[in-house]
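First comes the structure, then the notes that go with it.
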């Protein structure tokens, strides 16, 4: 069953602590799938309490130097050392280095203060902050800033690019002619936005920017056994059943051997059960007693009367994006695209959706009436997404 209201949003975020997922999908997919009539402002209210911290991750391209923001992770303040790896060596632009030094010296700062201290233009400051977020160096005390970063597109070309890289290989310039600028990429130019809509130049980027790796965020240095136990308990709360497949998916900075050892200790204490509960998952599976009983109840029910459930293909609850062994993969289980959706009933895939509803494939075991019901569930999901887009 879905959760309700602000308390439901807080519970859903706590359940997903530690896992990194695309920033746009948190509001659009994951929380809306877990909270009934989800309102993005409830996430803002929960973030304002100071409990959750969000940290970005990017995919660095060494050749071009670009690092777009790819994922965002939430964790409880004071537990960052459990979920974050060692800080990679960042390759920062000159403006990003200036902004980082300013934040390190001044402490948590509003973006207007950063601009005044550095002397950079607001556009240059925002691009520098976006770069620092993608490297996981800075964060903000509001979730609205995360949403703006996710929408932001870099418009300042990075230095060091070959100005003639867009020309044909056999091109010969005219005598006494030199090229000093690269051809602009029109897709990287910002689009004009109404000033009263989200993402406009005068809105967003609220809150204070601060370094991620501070004692308040990271917490104390814990022994590996305690970190492994906390990860094990978090996974039990998130999935109900834990196997090595979750470690392969999330890759926390703690070995599976250590987590497995703590799960065995929980088993000896009687807090979890060990067995082979889900076909295809790793052989060593540990489950909460309530999860075992729920699986038995689901197995004995008639799933033909179950309701259709819409989830993102990247949702942590989607077991089909794991590399399951000894299981014939459903051809509908891997829709393409970052916004792909799955419509399921009783754990079976009924419909695979790409392009947020532009293309879809239907399972052959559905009747015409069931296909209509699955499409209705999908339409309601997409309609709710559009109604919440203004707030996001």
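Numbering (the working numbering), first residue to last: 689 to 1080.
We put the beta carbon where it would ideally sit given N, CA and C, even for glycine.
These numbers come from a predicted model, not from an experiment.
Going by beta-carbon coordinates alone, are residue i and residue j separated by less than 8 Å?
i	j	result
residue 1031	residue 1065	yes
residue 757	residue 700	no
residue 741	residue 834	no
residue 643	residue 893	No answer is possible for residue 643: it lies beyond the span of the chain, which begins at 689 and ends at 1080.
residue 791	residue 802	yes
residue 1033	residue 994	yes
residue 743	residue 772	yes
residue 1035	residue 975	no
residue 768	residue 907	yes
residue 1056	residue 1041	no
residue 732	residue 836	no
residue 1043	residue 1072	no
residue 1029	residue 986	no
residue 690	residue 716	no
Quick one: Cα of residue i to Cα of residue j, how far?
i	j	result
residue 697	residue 979	22 Å
residue 692	residue 785	43 Å
residue 804	residue 830	21 Å
residue 1076	residue 1067	The predicted model places residue 1076 with a pLDDT of 49, which falls under 50 and marks its position as unreliable, so this point remains unresolved.
residue 961	residue 707	24 Å
residue 984	residue 1062	25 Å
residue 702	residue 764	8 Å
residue 970	residue 1002	20 Å
residue 813	residue 901	21 Å
residue 736	residue 938	27 Å
residue 887	residue 787	Because residue 887 carries a pLDDT of 47, less than 50, the predicted location of this residue cannot be relied on, and no value is offered for it.
residue 1018	residue 714	26 Å
residue 824	residue 956	38 Å
residue 848	residue 1059	Its pLDDT being 47, under 50, residue 848 is placed unreliably in this model, and the value from its coordinates should be taken loosely. Distance between the alpha carbons of residue 848 and residue 1059 is about 54 Å.
residue 946	residue 857	54 Å
residue 1088	residue 776	Nothing can be reported for residue 1088: it is not among the residues displayed for the chain, which extend from 689 to 1080.
residue 797	residue 815	16 Å
residue 1070	residue 964	37 Å
residue 729	residue 862	59 Å
residue 1010	residue 859	48 Å
residue 725	residue 734	16 Å
residue 968	residue 789	49 Å
residue 948	residue 811	48 Å
residue 720	residue 911	36 Å
residue 1053	residue 1007	20 Å
residue 996	residue 695	25 Å
residue 766	residue 793	22 Å
residue 840	residue 828	15 Å
residue 754	residue 745	13 Å
residue 982	residue 930	15 Å
residue 936	residue 727	32 Å
residue 1039	residue 806	52 Å
Could you work out which residue in the options is closest to residue i when comparing CA atoms only?
i	options	result
residue 1048	907, 995 and 1020	1020
residue 711	1011, 822 and 703	822
residue 751	779, 774 and 733	779
residue 977	1008, 925, 949 and 1051	925
residue 747	1028, 794 and 709	709
residue 1082	795, 921, 947 and 1052	No statement about residue 1082 is possible, as the shown extent of the chain runs from 689 to 1080 and does not include it.
residue 966	932, 716 and 957	932
residue 1045	1051, 728 and 1027	1027
residue 704	809, 787, 793 and 923	923
residue 919	783, 934 and 732	934
residue 909	774, 950, 840 and 1017	774
residue 808	796, 793, 782 and 1059	782
residue 1037	1025, 1050 and 1043	1050
residue 749	863, 905 and 819	819
residue 795	899, 841 and 903	899
residue 972	981, 982, 986 and 951	951
residue 905	695, 753, 840 and 739	739
residue 903	981, 1007, 1008 and 770	770
residue 762	718, 1039, 981 and 911	718
Output the residue ranges of the beta strand (DSSP E) runs that lie fully inside the region 721 to 754 and measure 3 residues or longer, sorted by chain position.
740 to 746
Are the region 941 to 957 and the region 914 to 922 in contact at 8 Å, needing three or more beta carbon pairs?
yes
Could you tell me which uninterrupted alpha helix (DSSP H) segments, each at least 4 residues in length, are contained entirely in the region 789 to 833, listed from first to last along the chain?
799 to 806 and 810 to 822
Which residue spans inside the region 1012 to 1063 form an unbroken beta strand (DSSP E) run of at least 3?
1029 to 1033, 1036 to 1042 and 1047 to 1050
Those runs of the beta strand (DSSP E) which lie wholly inside the region 950 to 1008 and span at least 3 residues:
961 to 963, 973 to 975 and 996 to 1000
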